[in-house]
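What follows is a set of notes on a single structure, which appears directly below.
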Amino acid sequence: MSEKVAEFPNSTEAELEQETEVKEQKELRDEVSYSFNREKYELEKQESRKRMHTMLTFFSAFSIFMFAAFVNKEAFVLDAETSVIINQAINAVVLLVIPFMLGSVGGLTRILMSDVAVDHRGTLVVSSGLMAMFSWIGIKSGVLLAIVVPHLEKQGVVANVEETTSSGFYTMALVAIAVGMFSTNLYLFINSRVEQLVAKAQQNSGNQP
Numbered sequence: 007m008s009e010k011v012a013e014f015p016n017s018t019e020a021e022l023e024q025e026t027e028v029k030e031q032k033e034l035r036d037e038v039s040y041s042f043n044r045e046k047y048e049l050e051k052q053e054s055r056k057r058m059h060t061m062l063t064f065f066s067a068f069s070i071f072m073f074a075a076f077v078n079k080e081a082f083v084l085d086a087e088t089s090v091i092i093n094q095a096i097n098a099v100v101l102l103v104i105p106f107m108l109g110s111v112g113g114l115t116r117i118l119m120s121d122v123a124v125d126h127r128g129t130l131v132v133s134s135g136l137m138a139m140f141s142w143i144g145i146k147s148g149v150l151l152a153i154v155v156p157h158l159e160k161q162g163v164v165a166n167v168e169e170t171t172s173s174g175f176y177t178m179a180l181v182a183i184a185v186g187m188f189s190t191n192l193y194l195f196i197n198s199r200v201e202q203l204v205a206k207a208q209q210n211s212g213n214q215p
């Protein structure tokens, strides 16, 4: 009987120690959770301050710009030369859409004719259209003809191409399509050569003992 009475306090002390340990762990978890929530709150507070500062900066800059525009109205009047340049730029952008489309069609036609699986087919078609667009810029500006004409004159060929290409739409369209096909053909040729060299190198490395 005395042994049972002696064991009872020991079990009670063990339970108390276990409860104390559980309580300490709970307090530690609560403290960690509180510190985490505190850090999260501080970060959110800093982000909100940054957003408010950015919005205030943009609002201040916009207010200053509007005040300057209201006070100095003459400062925002475009010159005649600037208006002409802007008009020419808009017309050039609209005009260059035509060679871009024709060059893209030429590049796509060359891909379909080659019947080769190309990974970046869309990128290749777009780049062919850009090359055709650049060719139109070179012809329209006269720089390309200025480079080619002296060589033609040395060979006794009368270069009267500028008048034809500057006004002939079908000639320019043919040039755009040809440039698009040539660009795609050049890429396909280089890609096939690279694949052949890689396959040859792998074959040679596989044959080595």
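Sequential numbering from 7 applies to the sequence shown in our numbering. In this text, a Cβ means the ideal position worked out from N, Cα and C, and glycines have one as well. This one's a predicted model, so the numbers in the text were calculated from it and none came from an experiment.
| query | result |
| --- | --- |
| Residue range of the unbroken alpha helix (DSSP H) whose run includes Ala138 | 127–147 |
| Status (buried if at least 16 other CB within 10 Å, exposed otherwise) for Phe106 | buried |
| Close beta carbons around Val204, own chain, < 6 angstroms, minus the five adjacent residues each side | none |
| CB of Gly113 within 8 angstroms of CB of Met187, strictly | yes |
| Leu102 vs Trp142 beta-carbon contact at 8 angstroms | yes |
| Alpha-carbon to alpha-carbon, Thr60 and Glu30 | 45 angstroms |
| Exposed unless 16 or more other CB atoms sit within 10 angstroms - verdict on Gly109 | buried |
| Within 8 angstroms, strictly: CB atoms of Asn191 and Arg116 | yes |
| Val100 versus Gln208: straight-line alpha-carbon distance, rounded | 49 angstroms |
| Range covered by the alpha helix (DSSP H) that runs through Glu87 | 86–120 |
| Residues near Leu130 in its chain [Cβ-Cβ closer than 8 angstroms; skip 5 each side] | Gly113, Ile117, Val124, Thr190, Tyr193 |
| Through-space distance from Met178 to Lys146, alpha-carbon basis | 10 angstroms |
| Counted within 10 angstroms of its Cβ, other Cβ atoms place Met72 as buried (16 or more) or exposed | exposed |
| Backbone secondary structure at Gly174 - three-state DSSP | coil |
| CA-to-CA distance, His126 to Glu201, given in whole angstroms | 15 angstroms |
| Close beta carbons around Ala75, own chain, < 7 angstroms, minus the five adjacent residues each side | Phe82 |
| Alpha carbon of Arg279 to alpha carbon of Ser120, nearest angstrom | Since the first residue of the chain shown is 7 and the last is 215, residue 279 is not available in this structure. |
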